[in-house]
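Before any comments, here is the structure.
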Amino acid sequence: MKVILVCKSVSHGNTQRVAEAIGQVLGGRVVAPADIDPAELADYDLVGFGSGIYNMAFHPELRRFIAALPTGRRRTAFVFRTSGFPQPPFRRYVTTLTRDIERKGFDVVDTFDCRGFDTWLPLRLVGGIRKGHPDAADLTAARAFAENLQARTTSAP
1 MKVILVCKSV SHGNTQRVAE AIGQVLGGRV VAPADIDPAE LADYDLVGFG
51 SGIYNMAFHP ELRRFIAALP TGRRRTAFVF RTSGFPQPPF RRYVTTLTRD
101 IERKGFDVVD TFDCRGFDTW LPLRLVGGIR KGHPDAADLT AARAFAENLQ
151 ARTTSAP
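In terms of the UniProt record's numbering, the sequence shown opens at residue 1 and continues consecutively.
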């Protein structure tokens, strides 16, 4: 199975660490949206899309990358994210991104969420939240997510 993770990690490298843990299990490479042509994703069996959450949304560069994807055959995908807070019920950004990915011909089979060190503006005044995250337990959870995903996607018809 050919795997790639398209990851935008900015502030503290939180999402990059999670992407690398997932990619290590799946045998996939991790690339930034700017480092790959959207049309190249057609060559992959499984594609991960992830970023940190900024102002209750995925990073704009990742969203623009997804918007630029050509519509194609059905491929398998997953979404991952890091954030200081869980997704609020009034702003379903995971659902929105998943829908955008599915419109491009992907079957989004799972999502992974991880708390991460967050110093977004008002939080910076108090030194941020979730210091030390993702930690060893978070990265173990990311690898377990990848193992489960791998078992489900390689046994699928």
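The beta-carbon is built from N, C-alpha and C at its ideal position, and this holds for glycine as well.
Kindly list the residues whose CB is nearer than 6 Å to the CB of residue i, restricted to its own chain and excluding five residues on each side of it in sequence; keep chain order.
i    : result
Y44  : K2, I4
G28  : V3, I4, L5
A34  : none
D138 : C114
R91  : M56
Per DSSP, what kind of secondary structure is residue i in: helix, strand or coil?
i    : result
G116 : coil
P157 : The pLDDT assigned to P157 is 49, lower than 50, so where the model puts this residue is not dependable; a value taken from the coordinates is nonetheless given after this. Residue state, collapsed to three classes: coil.
A77  : strand
D45  : coil
D35  : helix
F106 : strand
F145 : helix
F90  : coil
T111 : strand
T82  : strand
D100 : helix
Rounded to whole angstroms, how far is the Cβ of residue i from the Cβ of residue j, which I believe are closer than 8 Å?
i    : j    : result
T76  : D107 : 5 Å
V25  : R143 : 5 Å
V79  : F49  : 5 Å
A42  : G13  : Incorrect: roughly 29 Å between the Cβ atoms, too far for contact.
T15  : T82  : 5 Å
G116 : P134 : 6 Å
Excluding five sequence neighbours on each side, which residues of the same chain lie with their C-beta closer than 8 Å to the C-beta of residue i?
i    : result
Y93  : I53, M56, A57, F58, Q87
D100 : R63, I66, A67
Please report the residue range of the beta strand (DSSP E) in which residue i lies.
i  : result
V6 : 3-8
Span of the alpha helix (DSSP H) holding residue i?
i   : result
R29 : R29 -> not in any alpha helix (DSSP H); beta strand (DSSP E) instead, spanning 29-31.
A21 : 14-26
L62 : 60-67
Excluding the 5 residues preceding and the 5 following residue i in the sequence, name in chain order all residues of the same chain whose CB lies nearer than 7 Å to its CB.
i   : result
P38 : F65, A68, L69, P70
Tell me, please, whether the segment 20-30 touches the segment 63-75 by the rule of three or more beta-carbon pairs shorter than 8 Å. No, they do not touch.
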